[in-house]
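In what follows, a structure is listed as structure tokens, so that the remarks can point back to it.
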Amino acid sequence: MYLIPLLLATVFLANTEIQVIKHNHDLLFRVPRPNQVLKYQTVAFITINGIILSLDIVPPYSSRHADNTTYIKVLSGRMMWTDSSTSPHQPVNHSRAFLCELKDYFWLYLKHMMIVHNIQRNDDIRKVTIANPLPEYYSPEVRQLVFQFVKNNRHEPKENFKDCEFYNLKGFEISFSDNDEHLCYMQLWAAGQSVNDDVHNHTSDDALCEVHACSANGNGRSGMHYLNSSKQFYDPLTTPKSTFEKLELPSFHEHGPLWNINVQNRPVLRNDSTVVYA
């Protein structure tokens, strides 16, 4: 069973202000600032086993209805859930699954993940169905882009990882169209049941803050293992598994920051601009 988490030519269109551009093998989305958008906009960009991922823009002080098959990942801004009395609940900035009305008091980007039927689980990566649902008003270049899971070779030098089923699907970058400010980068991963991706750190990655959202947890118990502190000693040969904390990620859940945060609620950086993970 596979865990499928989490997740270019410029085009100006009357239907949407969301530009989609092909860059190497990735899709780049150039989007307007939410406070400059007058109406709700959405574009579906990939379907995996019946799960549709779309990029949505909700203008300030507007609302959207989200049924109980819609799961939301907030990429920027804030939102509040409301009930039938329109009384606002607490603001959230992570995925929730409720029969609710979405009200955006500020602005936000969000990614919808809609389950068409029950989540399909596969015992072979070749059985995973992937489609490109970009609308016809985008260029043929982006609509004909084929997405596929590719076996990850990052751990190839390790003999015990060579035959493991661990796959990567790249990738989706989002930036603002007015000045190309980077918002986020998304990619998908799939792992065979009981596959361990092993420990890795981001000390060589400048200012990388990585969060995982899970769209299909094959055995219901998979998730992340992490050390409680960046100061803990780690040796891949001698550090026991009991040293790590386990954080299960059910389907359509995500984990919060695993890095240190300063008093300004910003990631703590080393002198070389890498992020200190807790």
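When you line the sequence shown up against mature numbering (1 follows the signal peptide of the UniProt record, and there is no 0), it's residues -16 to -1, 1 to 262, in that order. For glycine and all other residues, C-beta sits at the position ideal for the given N, C-alpha and C.
- Taking C-alpha positions only, H239 is separated from H209 by approximately 11 Å.
- With a 10 Å radius around the Cβ and a threshold of 16 neighbouring Cβ atoms, D164 comes out exposed.
- Straight across, the Cα-Cα distance linking N116 with V126 is about 9 Å.
- In its chain, beyond the 5 residues on either side, I30, I114, N116 and L153 have a beta carbon closer than 7 Å to the beta carbon of F131.
- When secondary structure is reduced to three states using DSSP, K23 falls in the coil class, being assigned neither helix nor strand.
- By the neighbour-count definition (other C-beta atoms within 10 Å, threshold 16), D40 is a buried residue.
- Remark: C-beta atoms of C198 and H166 do not approach each other more closely than 9 Å.
- Assigned with DSSP and collapsed to three states, S226 falls in helix.
- Nearest C-alpha to Y151 among Q3, A28, V112 and Q128: V112.
- Secondary-structure assignment with DSSP links D51 through no beta bridge to anything.
- Counting the other Cβ atoms within 10 Å of the Cβ of L12 gives 16 or more, which makes it buried.
- Residue nearest to L211 within the set N203, G176, L231 and E194 is L231 (criterion: CA-CA distance).
- Close CB contacts of V260 within its chain, under the 8 Å cut and outside five residues either way in sequence, are with S214, W243, N244, P251, V252, L253 and R254 (chain order).
- Looking at S46, C148 and F228, the one whose alpha-carbon comes closest to that of Q216 is F228.
- DSSP, reduced to helix, strand and coil, places K6 within a strand of the structure shown.
- Nearest in C-alpha terms to K135, of all of Y121, R110 and S159, is R110.
- Within the model, the alpha-carbon separation for S46 versus G155 is close to 30 Å.
- Excluding residues up to 5 positions away in sequence, R14, V15, P16, R17 and L167 lie with their Cβ nearer than 8 Å to the Cβ of F160 in the same chain.
- By a beta-carbon distance limit of 8 Å, V4 contacts Y122. Their separation comes to about 5 Å.
- Taking a 10 Å sphere around the C-beta of G204, we find fewer than 16 other C-beta atoms and assign the residue as exposed.
- V27 is classed as buried because its beta carbon has at least 16 other beta carbons within 10 Å across all chains shown.
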